[in-house]
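Sequences listed follow chains A and B, in order. Numbering of the first sequence is given in my numbering, commencing with residue 692 and proceeding in unit increments. Numbering of the second sequence is given in my numbering, commencing with residue 692 and proceeding in unit increments. One structure is given here, and the rest of the page talks about it.
There are 2 protein chains.
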Amino acid sequence: MKEVAVIGIGMIDWGELWEKSLRTIAVEAALKCFADAGVDKVDTITIGCMSGGLFNNQEHLGSIVPDYLGQRFVPATRVESACASGGLAVRSAFLEVASGMAEYALAIGVEKMTDVDGGEATFALATAADQDYEAFHGITFPGLYAMMANAHMFKYGTTLEQLAQPSVKNHFNGSMNPHAQYPFKVSLEQVMNSTKVADPLRLLHCSPITDGAAAVLLAPVEKAKEMNKPYVVITGVGHASDTIALAQRQDLYSLKAVEVAAQRALKMSGKTIKDVDFAEVHDCFSIAELMVMEAIGVVEPGQSGAAVMNGLTALDGDFPINPSGGLKSKGHPVGATGVAQVCEAVSQLRGESGKRQVKNAKTALTQNMGGSGASSVVHILEARS
Amino acid sequence: MKEVAVIGIGMIDWGELWEKSLRTIAVEAALKCFADAGVDKVDTITIGCMSGGLFNNQEHLGSIVPDYLGQRFVPATRVESACASGGLAVRSAFLEVASGMAEYALAIGVEKMTDVDGGEATFALATAADQDYEAFHGITFPGLYAMMANAHMFKYGTTLEQLAQPSVKNHFNGSMNPHAQYPFKVSLEQVMNSTKVADPLRLLHCSPITDGAAAVLLAPVEKAKEMNKPYVVITGVGHASDTIALAQRQDLYSLKAVEVAAQRALKMSGKTIKDVDFAEVHDCFSIAELMVMEAIGVVEPGQSGAAVMNGLTALDGDFPINPSGGLKSKGHPVGATGVAQVCEAVSQLRGESGKRQVKNAKTALTQNMGGSGASSVVHILEARS
């Protein structure tokens, strides 16, 4: 298997981009990535998108993206694993390069969620849950994650303050991210007093509906060396599934697919979580960030709430999480999120993250997940010079 | 890059399967494949499905399929390139094995199209076209392929008889396929007098709406050798895109993405089309089969109509096409079609196709495409013993 480097990243400003179309934002992110890498022709493209069909009446991005990116005839593969589609696009591009099928493999993540109204968006997102046994009966994702939050609080005594703290931290970090949809700070009181969505989750525990795209360019490590500047290598790739329906799990307070995916990625890279300097994780709801901390091994099960209150995961803590602002502040265009996590990790590992730079960042972990943790993709990235 | 073999195939009977669900048919095809291979645990799964979202309100098959197949925690990737999603699933599984990421890689193709009514199905399929410049204005696929048929007739003098003949041939072959949705013969007169759909295309020029699934199991060639029976190797993989909108093409009477994908696959396998014994191609409409014959090089441009009338592509001809019955007779559950093509190729190369067996079949080509030829995936398969 060939060693694979990230030689370019491209992020656009995320938000409610009503003046732009699905294809436009995908192409804009890709062009920024091309400019960063100094490359304008690729061998293959992977596209992470959860549901162009339900959000935009547009499937077949594997044709439309190369077409509008000036890459006609280039093979392109759209991949989907609900909100983990972006991480999966990076994994798929990794395989293109690792197998020798391609030299330059572009991974794009994209979702244009505001072409439909809020109810339709909630319906579209619910197709990531079990349609027959969950969504059909009326439950949507805030309700599913609320059950997980209640289970975590009941099992471990996690408090409402602890549940609110990831949002405070992530908005603080996101306030320094020019691409973020909501680049402002929020206080613990604001989070805890925001509108209730699904008890105990409130509005400021929940990631928003977002239009956005992100892109990364992968190539064999020899190509990265030729560029004569610091670069980043993907040394671990982990991917796992779990039961789609929450009711089928052994418990509701742990994320087994995340645990397995992280173990696989760390094993492949020959590292343990102690060797990792920071992480970008999937905080679709604040409870998700707490549960992911436990699943990837940053803390023992049940210790995430106390750890986040103690500042472990703050930008200047021992294990910063979501320096980008996370899904909560940066936004969550579902298919784009996993690619944007890798963009942030690379930006940090290159030391290019400005005010939100993590000090001495050499090794990063990105964790993306779909549904109620029913699939997860984890990458380990390392700085090289 | 590791050499990759097909060590198992699984087909279910296709049709209007109202008593079964999307997950059920995917799992049934996979279990048949497991039984064929003598394997019950895989390292990775790829799933070709065009639109679980629009047909079944169910995305995230990368969770639901391993869950219901007894493969919890196994990584699974759903891929989509409209009606080429199945071919893409095989290509993606190929990369898993070729890269060394997996030993046993299962590719499943599935689509459950009759959970919605005919109008909704036509709408869902039209999301494979350009939503902004084609579908939004009301055109759907029969109309797009009708324009291609008219262009081909105008350019080359292709006749209505020639346009009808692929349907006659494919229904003849399909009458011997127990898995086919419409396993009966039709006459040239029946095709030419069937209900008009979009001039010059009539009902019996068009592939049907189908529920179906198919699966293939890939592994390194060493694993196939250990099974001590004849096996099949994938020696060529080609994949290409073209403009999504028909209006952007240089002409309407050729399929450039198919041409490029076929050239790539043949080059990778070190063969020319003259080395290929038969093909399974994407006859979503009868004009498509004629245009594909020209694109993959079976005949010169403009010669496909005469060739099909002369019996070149009949089961006992010099270059049999669609011994399975093709999309026309076997059915076209869009995400499953590309995987089923590989199932048929393997069955033929193993000499297991009964009454519809192609004589002395040693090398096969499968060609799957999305939209109006806006993406295509081609595989070259060879028998080994």
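We put the beta carbon where it would ideally sit given N, CA and C, even for glycine. The model shown is predicted, which means the values in this text are computed figures rather than measured ones.
Determine, for residue i, whether the minimum Cβ-Cβ distance to residues of chain A falls below 8 Å.
i: residue 930 of chain B; result: yes
i: residue 747 of chain B; result: yes
i: residue 960 of chain B; result: no
i: residue 900 of chain B; result: no
i: residue 987 of chain B; result: no
i: residue 1011 of chain B; result: no
i: residue 833 of chain B; result: no
i: residue 810 of chain B; result: no
i: residue 755 of chain B; result: yes
i: residue 712 of chain B; result: yes
i: residue 858 of chain B; result: no
i: residue 1076 of chain B; result: no
i: residue 783 of chain B; result: yes
i: residue 758 of chain B; result: yes
i: residue 822 of chain B; result: yes
As a quick exercise: from the options, pick the residue whose alpha carbon is nearest that of residue i.
i: residue 947 of chain A; options: A:1066, A:1024, A:962 and A:981; result: A:1066
i: residue 937 of chain B; options: B:1057, B:831, B:888 and B:981; result: B:831
i: residue 703 of chain B; options: B:786, B:749, B:728 and B:800; result: B:800
i: residue 777 of chain A; options: A:737, A:756 and A:924; result: A:737
i: residue 733 of chain B; options: A:903, A:931, A:733 and A:750; result: A:931
i: residue 1041 of chain B; options: B:992, B:922 and B:949; result: B:922
i: residue 839 of chain A; options: A:996, A:722 and A:943; result: A:943
i: residue 903 of chain B; options: B:726, B:1029, B:1043 and B:1074; result: B:1029
i: residue 963 of chain A; options: A:1014, A:1071 and A:907; result: A:1071
i: residue 984 of chain A; options: A:1059, A:941 and A:694; result: A:1059
i: residue 693 of chain B; options: B:790, B:718 and B:997; result: B:790
i: residue 950 of chain B; options: B:939, B:925, B:716 and B:991; result: B:991
i: residue 934 of chain A; options: B:730, B:727 and B:762; result: B:762
i: residue 881 of chain B; options: B:866, B:855 and B:864; result: B:855
i: residue 1006 of chain B; options: B:780, B:726, B:783 and B:861; result: B:861
i: residue 755 of chain B; options: B:722, B:730, B:906 and B:718; result: B:718
i: residue 945 of chain A; options: A:1035, A:845 and A:858; result: A:845
i: residue 997 of chain B; options: B:857, B:853, B:925 and B:780; result: B:853
i: residue 749 of chain A; options: B:890, B:826 and B:783; result: B:826
i: residue 814 of chain B; options: B:759, B:900 and B:859; result: B:900
Does any residue of chain B bring its CB to less than 8 Å from the CB of residue i?
i: residue 828 of chain A; result: no
i: residue 948 of chain A; result: yes
i: residue 951 of chain A; result: yes
i: residue 692 of chain A; result: yes
i: residue 818 of chain A; result: yes
i: residue 885 of chain A; result: no
i: residue 773 of chain A; result: yes
i: residue 942 of chain A; result: no
i: residue 779 of chain A; result: yes
i: residue 954 of chain A; result: no
i: residue 786 of chain A; result: yes
Which whole-angstrom value describes the C-beta separation of residue i and residue j, a residue pair presumed to lie in contact below a C-beta threshold of 8 Å?
i: residue 1031 of chain A; j: residue 1021 of chain A; result: 7 Å
i: residue 1055 of chain A; j: residue 970 of chain A; result: 7 Å
i: residue 847 of chain A; j: residue 993 of chain A; result: 4 Å
i: residue 1068 of chain B; j: residue 773 of chain B; result: No, residue 1068 of chain B and residue 773 of chain B are not in contact; Cβ-Cβ is about 11 Å, not under 8 Å.
i: residue 928 of chain B; j: residue 785 of chain B; result: 6 Å
i: residue 849 of chain B; j: residue 981 of chain B; result: 7 Å
Less than 7 Å between the CB of residue i and some heavy atom of the ligand FMN, yes or no?
i: residue 715 of chain A; result: This structure simply doesn't include the ligand FMN, nor any ligand for that matter.
Within 8 Å, do at least three Cβ pairs link the region 908-919 of chain B to the region 792-803 of chain B? yes
Chain B contacts from the region 760-771 of chain A (Cβ-Cβ distance under 7 Å): 763, 764, 765, 766, 767, 768, 769, 770 and 771
Three or more C-beta pairs closer than 8 Å, one from the region 957-965 of chain A and one from the region 695-704 of chain B: is that the case here? no
contact_flag[the region 1019-1032 of chain A, the region 986-1003 of chain A] where n(CB pairs < 8 Å) is 3 or more: no
Contact the region 762-780 of chain A vs the region 1043-1055 of chain A: 3+ CB pairs below 8 Å: no
The region 801-820 of chain A contacting the region 701-721 of chain B, beta-carbon criterion three pairs below 8 Å: no
Output, in sequence order along the chain, the residues in the region 1020-1037 of chain B whose CB is closer than 7 Å to any CB in chain C. No chain C is part of this structure, whose protein chains are labelled A and B.
Should the region 1050-1064 of chain A be called in touch with the region 815-823 of chain A, which here means at least 3 C-beta pairs below 8 Å? yes
Would you call the region 868-883 of chain B in contact with the region 827-841 of chain B, where contact means no fewer than 3 C-beta pairs closer than 8 Å? no
If we count Cβ pairs, one from each stretch, closer than 8 Å, do we get three or more for the region 742-757 of chain B versus the region 739-758 of chain A? yes
Contact set between the region 788-805 of chain A and chain B, restricted to residues whose Cβ is under 8 Å from the partner: 789, 790, 791 and 792
The region 906-934 of chain A: positions lying closer than 9 Å to chain B by Cβ: 928, 929, 930, 931, 932, 933 and 934
What residues in the region 716-750 of chain A have a beta carbon less than 7 Å from any beta carbon of chain B? 741, 742, 744, 745, 747, 748, 749 and 750
If you measure beta-carbon to beta-carbon, which residues of the region 1036-1070 of chain A are closer than 7 Å to chain B? 1061, 1062, 1065 and 1066
Short of 7 Å Cβ to Cβ, which residues in the region 866-881 of chain B face chain A? none
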